[in-house]
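See structure below.
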Amino acid sequence: MIGLQILVDGFAISALYALGAMGFTLIFGVSGVLNLTHGALMVMAAVAAWAASALFGLGSYAGAAIGVLCGLAGALVTYFAVVAPIERSRAIPREEKEIFVLTGTLLWGIMIQELVAYFFTDNPKTVLPLIEGVVEIAGVRTPKNELFTALICWVVIGLLWLFVNRARAGKVLLAASMNPRGVTLLGHDMAKIYVAVWAIYGLLAGIAGVLLGMFLGVSSYSVGPLTASAFSIVVLGGLGSVTGSLIAAYVVGYLETATAYLISPAYRVIPALLLLVAVMYLRPQGLLGRR
587 MIGLQILVDG FAISALYALG AMGFTLIFGV SGVLNLTHGA LMVMAAVAAW AASALFGLGS
647 YAGAAIGVLC GLAGALVTYF AVVAPIERSR AIPREEKEIF VLTGTLLWGI MIQELVAYFF
707 TDNPKTVLPL IEGVVEIAGV RTPKNELFTA LICWVVIGLL WLFVNRARAG KVLLAASMNP
767 RGVTLLGHDM AKIYVAVWAI YGLLAGIAGV LLGMFLGVSS YSVGPLTASA FSIVVLGGLG
827 SVTGSLIAAY VVGYLETATA YLISPAYRVI PALLLLVAVM YLRPQGLLGR R
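Residue numbers (this note's numbering): 587 to 877.
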């Protein structure tokens, strides 16, 4: 029975991780940025959804929409206030900009974490679910909202795939991830492409954060584990590999779920981090990575 519970819950949390990892991977693929504000943006979106629905009584749907918009706004602020100034700075040597971006996004994430804790305390917040009730699967009672969460994640991932592979604007983003110089020579403005990528990432992080708040609940303490899980996923899958990130999201999701059920929720991220260390030694490029 517990094995089936792990299977069901692991599928939902893995879908959430896959959704968040898509944006994380997209940003790295196009602009080469590892955004360590990831967990903070997800938590901010979830807490905003909780505050709008629970504190201000706007309802679960309005709260979810506000949470997603907060994720979008947070991502754009991160880009314009932290990432872009560092990348455009002439005072920072070119070879050192990556470490400055890493440090800047990490510190910005810590600032968001502390602001969330200051205004809303460290207590866990659970976002009102969009769908009530439970369903029984082979004797295991599962909240309908949990299944709805996995469905929404895969619908959004599917829409993103269609956008990147079928829409003209999406093909430009894909080309920018492969050959930025060539895209520039074709007359496209890379600055606008970066803004578009960060906007897409913000929407994905916002949706994932709100759904996570409905599924497990979040607090300011969730920032570090969420960022660590996302980092583990993109490195395990291969930096810049969307398919690798999808596979890695399920590996990490099921590892964390099994650890939470069989050992303790307090140790859920440790196996994924140990796996990350092993991958960095044995296959640094990840499962499907090329660099």
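Just so you know, even glycine gets a beta-carbon here, dropped at the ideal spot from N, CA and C.
Entirely enclosed alpha helix (DSSP H) segments - the region 729-790, minimum 4 residues
730-752, 754-764, 766-771
Name the two residues that bound the continuous beta strand (DSSP E) containing Val721.
Residue mapping note: residue 721 aligns to position 135 of the sequence shown, counting from 1. Note, Val721: beta strand (DSSP E), 720-723.
Can you find the residues in the same chain that come closer than 7 Å, C-beta to C-beta, to Ala835, ignoring five residues on each side of it along the sequence?
Residue mapping note: residue 835 aligns to position 249 of the sequence shown, counting from 1. The answer, listed in chain order, is Ser600, Tyr603, Ala604, Ala607, Ile819.
Identity of the residues DSSP links to Arg727 by a beta bridge:
What you label residue 727 is simply residue 141 of the sequence shown in a count that begins at 1. Its beta-bridge partners are Glu722.
Assign Val594 to one of three DSSP states: helix, strand, or coil.
By one-based count along the sequence shown, residue 594 stands at place 8. Helix, per DSSP.
Proximal residues to Arg720 (C-beta, below 8 Å), its chain only, five neighbours per side dropped
Here the question's residue 720 lines up with position 134 in the sequence shown. The displayed chain sequence assigns Val, not Arg, to residue 720. Arg727, Thr728, Pro729, Lys730.
Per-residue burial, Ser806 [other beta carbons within 10 Å of its own, 16 or more giving buried]
As a working note, residue 806 is residue 220 in the sequence shown. Answer is buried; the Cβ neighbour count reaches 16.
Can you tell me the Cα-Cα spacing of Leu771 and Ala762, whole angstroms?
Start at 1 with the first residue of the sequence shown, and residue 771 comes out as number 185. Start at 1 with the first residue of the sequence shown, and residue 762 comes out as number 176. So the two alpha carbons sit approximately 11 Å from each other.
Is it buried or exposed for Ala667, if we count other Cβ within 10 angstroms and need 16 for buried?
Against the sequence shown, residue 667 aligns to sequence position 81. It is exposed - the Cβ of Ala667 has fewer than 16 other Cβ atoms within 10 Å.
Since Val828 sits in a beta bridge, which residues does DSSP pair it with?
On the sequence shown, position 242 is the one that residue 828 refers to. DSSP output for Val828 lists no bridge partner at all.
When Ala864, Leu825, Leu802, Met776 are compared against Asp595, the one with the closest alpha-carbon
On the sequence shown, position 9 is the one that residue 595 refers to. Nearest of Ala864, Leu825, Leu802, Met776 to Asp595, Cα basis: Leu802.
Buried or exposed, going by whether 16 or more other CB atoms sit within 10 Å of the CB of Arg877?
As a first step, residue 877 must be located in the sequence shown, where it is residue number 291. Bear in mind that a pLDDT of 49 at Arg877, under 50, signals an unreliable position, so the model cannot answer this.
DSSP on Val820, reduced to helix/strand/coil?
In the sequence shown, residue 820 corresponds to position 234, counting from 1. Three-state DSSP puts Val820 in a helix.
Taking just the CA atoms, how far does Ala814 sit from Glu732?
Taking the sequence shown and counting its residues from 1, one reaches residue 732 at position 146. Taking the sequence shown and counting its residues from 1, one reaches residue 814 at position 228. So the two alpha carbons sit approximately 23 Å from each other.
Sufficient close CB pairs (3 or more, under 8 Å) joining the region 778-794 to the region 613-623:
yes
Given a cut-off of 8 Å on the beta-carbon distance, is the pair Val855 and Glu842 in contact?
Looking up residue 855 in the sequence shown gives position 269. Looking up residue 842 in the sequence shown gives position 256. A contact, by the Cβ cut-off of 8 Å.
Cα-Cα separation between Gln591 and Gly773, rounded to whole angstroms
The residue labelled residue 591 in the question sits at position 5 within the sequence shown. The residue labelled residue 773 in the question sits at position 187 within the sequence shown. Between Gln591 and Gly773, the C-alpha separation is close to 52 Å.
Helix, strand or coil for Val633? Go by DSSP, reduced to three states.
For this step, residue 633 is matched to residue 47 along the sequence shown. Note: Val633 maps to helix in three-state DSSP.
Alpha carbon to alpha carbon, what distance is there between Ala661 and Ala651?
The residue you call residue 651 lines up with position 65 of the sequence shown. The residue you call residue 661 lines up with position 75 of the sequence shown. About 16 Å.
In angstroms, rounded to a whole number, what distance separates the CA positions of Lys757 and Ile613?
Along the sequence shown, one-based indexing puts residue 757 at 171. Along the sequence shown, one-based indexing puts residue 613 at 27. If you take the alpha carbons of Lys757 and Ile613, they lie about 15 Å apart.
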